[in-house]
Amino acid sequence: MLYDSIVEFDPQTNQWSNDVAPTSSCRTSVGVAVLDGCLFAVGGQDGISCLNLVEKYDPSTQRWSRITSMGTKRLGVAVAVLDGYLYAIGGSDGQSPLNTVERYDSKTNKWSPVASMTTRRKHLGCAVYNGFIYAVGGRDDATELSTAERYNPKSNQWSPVVAMNSRRSGVGLAVVNNNLMAIGGFDGASYLKSVELYDSESNSWKLHGGMNYRRLGGGVGVIKVQQYDSILYGTNFASGSSSTSPDDSKNRSLSKLVDL
78 MLYDSIVEFD
88 PQTNQWSNDV
98 APTSSCRTSV
108 GVAVLDGCLF
118 AVGGQDGISC
128 LNLVEKYDPS
138 TQRWSRITSM
148 GTKRLGVAVA
158 VLDGYLYAIG
168 GSDGQSPLNT
178 VERYDSKTNK
188 WSPVASMTTR
198 RKHLGCAVYN
208 GFIYAVGGRD
218 DATELSTAER
228 YNPKSNQWSP
238 VVAMNSRRSG
248 VGLAVVNNNL
258 MAIGGFDGAS
268 YLKSVELYDS
278 ESNSWKLHGG
288 MNYRRLGGGV
298 GVIKVQQYDS
308 ILYGTNFASG
318 SSSTSPDDSK
328 NRSLSKLVDL
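This is the structure:
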């Protein structure tokens, strides 16, 4: 089932609200990021076709508005904000995984291509860490991936980093207290609840405990709360022990994942 509704979580009260206006279309496998105080919904699919449309939510007006569409249709796309640009990374055009990347300039309301990744990836994890965009895991034409790479905006180049210990499609990636963490996903056989921590100095991934539940294809977010430094929260499209892929959206839940 596809939705156009948006719900908002308040960690102080531990409650959800439906105060946010719905998007103009029902979508799944959509990328979401914040730029200039606005929430952007990028690409996805509407149950019939893959989408290149992009919408922006302005909390001051509580309205969604469409902006310039991407040059490429993308579902399972990763999005990131770096140096004032919104990046749309990889995904699938509905036929095959993509390695192409484009970025949005809010000043000109235009998308422009940048360097492509070295690997085609859909349902990948993505985060900004130490001035680079990291893209990890996902799935190519044949299998789930453990490989990772990072983008340098100064040189407009992608370069490989060491692979994770596990293959992870539908993986969550977030920076918590200056730690880059890969959370959950699908290894081709089962959902994962394991977490890996990336050490940039040694260029290595280390296992960092595990979640209470196996999680696939959802989203992660970091929230600062008064009594904590940073708390990582996560939702999931599917959880449990059965096998599936991130393309198969199922029930969602939210819980506190990690408190470092």
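Residue numbers (our numbering): 78 to 337. Virtual Cβ for every residue (Gly too), placed ideally from N, Cα, C. What you are looking at is a predicted structure, and each value in this text was computed from that prediction instead of being measured.
Check: Beta-bridge pairing of K301 - partner residues as DSSP gives them; Outcome: Per DSSP, none; premise fails for K301.
Check: Ordered list of beta strand (DSSP E) runs contained in the stretch 153–206, each at least 3 residues; Outcome: 155–159, 162–166, 178–182, 187–191 and 202–206
Check: Alpha carbon of S316 to alpha carbon of N207, nearest angstrom; Outcome: Any answer about S316 is weak, because its pLDDT of 45 lies below 50 and its placement is not dependable; what the coordinates show is given next. So the two alpha carbons sit approximately 31 Å from each other.
Check: For G311, the three-state DSSP class (helix, strand or coil); Outcome: Only weak support exists for where G311 lies, its pLDDT of 49 falling under 50; the value from the coordinates is given anyway. Looking at G311 - three-state DSSP - the assignment turns out to be strand.
Check: Exposure label - L130; buried when at least 16 CB within 10 Å; Outcome: buried
Check: Buried/exposed call for P174, threshold 16 Cβ in 10 Å; Outcome: buried
Check: Reference V252, options G296, G265, R143 and P88, closest by Cα; Outcome: G296
Check: Whole-angstrom distance between E273 and A155, CA atom to CA atom; Outcome: 19 Å
Check: Segment limits, beta strand (DSSP E) that includes I36; Outcome: Absent from the structure is residue 36, since the part of the chain shown begins at 78 and ends at 337.
Check: Simplified DSSP state of A98, which is helix, strand or coil; Outcome: coil
Check: Beta-carbon separation (whole angstroms), S183 vs L112, contact threshold 8 Å; Outcome: 6 Å
Check: Cβ pair G259, V191 closer than 8 Å; Outcome: For the record, residue 259 in the displayed sequence is Ala; it is not Gly. No, the Cβ-Cβ distance between A259 and V191 is not below 8 Å.
Check: Residue from E132, F117 and V205 with nearest C-alpha to R143; Outcome: E132
Check: Integer-rounded CB distance, given that T105 should sit under 8 Å from G120; Outcome: That pair is no contact at about 11 Å.
Check: Residues that DSSP places opposite P237 in a beta bridge; Outcome: E226
Check: Pairwise C-alpha distance: V97 and T185; Outcome: 27 Å
Check: Residues sharing a beta bridge with S246, DSSP; Outcome: F263
Check: Residue closest to A240, alpha-carbon to alpha-carbon, out of V107, T196 and R291; Outcome: T196
Check: DSSP beta-bridge partners of M147; Outcome: Partner(s): none; M147 has no beta bridge.
Check: Which of helix, strand or coil DSSP assigns to D87; Outcome: strand
Check: For L269: DSSP bridge partner residues; Outcome: G262 and R292
Check: Supposed close pair G124, L79 - CB separation, criterion 8 Å; Outcome: 5 Å
Check: As assigned by DSSP and simplified to three states, the class of A219; Outcome: coil
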